[in-house]
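First to last, the sequence lines map onto chains A and B. As numbered in this note's numbering, residues 1 to 164 make up the first sequence, in order. As numbered in this note's numbering, residues 1001 to 1164 make up the second sequence, in order. The beta carbon of each residue, even a glycine, is placed where N, CA and C say it ideally should be. Quick caveat, the model's predicted, so the values are computed rather than measured. Contents: one structure, followed by commentary.
Number of protein chains: 2
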Amino acid sequence: MTATAARTPPRKRASNGAARRSEADEIGLDALVGHAGYAVRRFQIWIFQDFVRTLGDVEIRPTQYSVLTVIGANPGLSQMAVAKRLGIERARLVHLLDSLEQRKYVKRIKSKEDRRSHALHLTAQGETALAKFKGLAAEHERNVEAKIGKENREQLLRILAGFT
Amino acid sequence: MTATAARTPPRKRASNGAARRSEADEIGLDALVGHAGYAVRRFQIWIFQDFVRTLGDVEIRPTQYSVLTVIGANPGLSQMAVAKRLGIERARLVHLLDSLEQRKYVKRIKSKEDRRSHALHLTAQGETALAKFKGLAAEHERNVEAKIGKENREQLLRILAGFT
DNA sequence: TATTGTTATACTCTATAACTATA
DNA sequence: TATAGTTATAGAGTATAACAATA
């Protein structure tokens, strides 16, 4: 392969001395245009920021929300089970749970069957809080729908269902 | 809203003393199933890992690739312009460019028009290297296509085109 | 020997704030 | 005053390794 393979000719730049472009517009992405990963990254940045903003008052971030939701729907899971299911490192989950336990949303209960592991449960306060978080997360989801369209959101969910 | 709103009944767990589930399968995601952001996050983790693996030999990560590609296609851009176009913090771009400059892929040239700013260019070595990176990135993109299907990848790019 | 939870380390990335030199 | 680049800091997130208690 030569150095020119797949190279796009440099875009015409404002010549020296000419008026400089007023904005960071018109800058070509070249090969990035064809990369799904680039589009997905930019979309994820937008979607995370909207989630964090929408749930800003309750100070819940996406990862915390996912942990609370899975524990709420599957009480008694071990830390390993939650970590594997959500694709989180078990070492990281320790700190996430420390925080959620301090805030009285989650409790670790020593398992009698396997004394190495903890059974995870929501507290009563955690149940109430999670219901509120789900309402706000639904609001966030409506923002997503407004941004990309109802049909596109549904197609996206269908296309990526295998990764959840 | 009550605490029970939108709550899914807890899944049936293996009763105490019964055989425990062998794998972290069958764990319900509850409300996460309907969140585009969750699916996107999981997909992005997969896609980043494949990119990093596919370009592992050349030690180029997605962000570095995006910076090199934009500079290659738009020689002379300032750091601010690159940062804005790619949605990277300008403070972060400083370190990215430090690394790419050390590796002789990029050079910062003091602008004569505005002595505060640097015009960014690829070195000859950078041009050659980027061509190789693009070939590997195309290989990564074929992995994506194999994973989600040709049609789905194209739909994804179409749906998310507005975020690039 | 292997696994669970934990602690620790390193690096990537996001988000700010403040500083300098220029404009 | 405002902007470009830089330095610094803090927290989130990823990726490892190693350790104690337990299986």
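Closer than 8 Å at the beta carbon, the chain A residues around B:THR1123
Locating residue 1123 of chain B in the second sequence gives position 123, where the first residue counts as 1. Simply none; closest approach about 12 Å.
Rounded separation between A:LEU96 and B:LYS1132 - CA only
The sequence position of residue 96 of chain A within the first sequence is 96, counting from 1. The sequence position of residue 1132 of chain B within the second sequence is 132, counting from 1. Computed Cα separation, rounded: 40 Å.
Output the distance between the C-alpha atoms of A:ALA161 and A:VAL82, rounded to the nearest integer angstrom.
Position 161 of the first sequence, counted from the first residue, corresponds to residue 161 of chain A. Position 82 of the first sequence, counted from the first residue, corresponds to residue 82 of chain A. The alpha-carbon atoms of A:ALA161 and A:VAL82 are separated by roughly 19 Å.
Using a beta-carbon distance cut-off of less than 8 Å, what residues from the segment 66-79 of chain A approach chain B?
SER66, THR69, VAL70, GLY72, ALA73, ASN74, PRO75, GLY76, LEU77
Ordered along the chain, which non-local residues of its own chain (more than five positions away) have a Cβ less than 8 Å from that of B:VAL1144?
Position 144 of the second sequence holds residue 1144 of chain B. Within the same chain, B:VAL1144 has close Cβ partners ILE1047, ASP1050, ARG1153.
Could you tell me the distance, in whole angstroms, from the CA atom of A:SER78 to the CA atom of A:VAL52?
Along the first sequence, one-based indexing puts residue 78 of chain A at 78. Along the first sequence, one-based indexing puts residue 52 of chain A at 52. The alpha-carbon atoms of A:SER78 and A:VAL52 are separated by roughly 27 Å.
So, under 8 Å CB-CB, A:GLY56 and B:ALA1073 are touching, yes? Tell me the CB distance rounded to an integer number of Å.
As a first step, residue 56 of chain A must be located in the first sequence, where it is residue number 56. As a first step, residue 1073 of chain B must be located in the second sequence, where it is residue number 73. So it is not a contact: roughly 37 Å between Cβ atoms.
Taking 8 Å as the cut-off, decide whether the C-beta atoms of B:TYR1105 and B:LEU1068 are in contact.
Position 105 of the second sequence, counted from the start, is the residue given in the question as residue 1105 of chain B. Position 68 of the second sequence, counted from the start, is the residue given in the question as residue 1068 of chain B. Yes, Cβ-Cβ distance for B:TYR1105 and B:LEU1068 is below 8 Å.
Short of 7 Å in beta carbon distance, which residues of its chain neighbour B:ILE1109, apart from the five on each side in sequence? Order them along the chain.
Within the second sequence, the letter at position 109 stands for residue 1109 of chain B. Excluding sequence neighbours, B:ILE1109 sits near HIS1118, ALA1119, HIS1121.
For a cutoff of 8 Å on Cβ pairs, would you count B:THR1054 as touching chain A?
As a first step, residue 1054 of chain B must be located in the second sequence, where it is residue number 54. Chain A, which has no Cβ nearer than 8 Å to the Cβ of B:THR1054, makes this no.
Can you give me, in chain order, the residues of the segment 1030-1061 of chain B that have a beta carbon less than 9 Å from any beta carbon in chain A?
ASP1030, ALA1031, LEU1032, VAL1033, GLY1034, HIS1035, ALA1036, GLY1037, TYR1038, ALA1039, VAL1040, ARG1041, ARG1042, PHE1043, GLN1044, ILE1045, TRP1046, ILE1047, PHE1048, ASP1050, PHE1051
Using 8 Å as the limit for Cβ to Cβ distance, is A:LYS134 near chain B?
In the first sequence, residue 134 of chain A corresponds to position 134, counting from 1. Interface residue, yes.
Which of helix, strand or coil DSSP assigns to A:LYS134
Counting from 1 along the first sequence, the entry for residue 134 of chain A is found at position 134. Three-state result, A:LYS134: helix.
Kindly say whether A:PRO146, judged by its beta-carbon, lies nearer than 8 Å to any beta-carbon of chain B.
To locate residue 146 of chain A, count along the first sequence from 1; it is residue 146. Strictly speaking, residue 146 of chain A in this sequence is Ala, with Pro absent from that position. So, not an interface residue.
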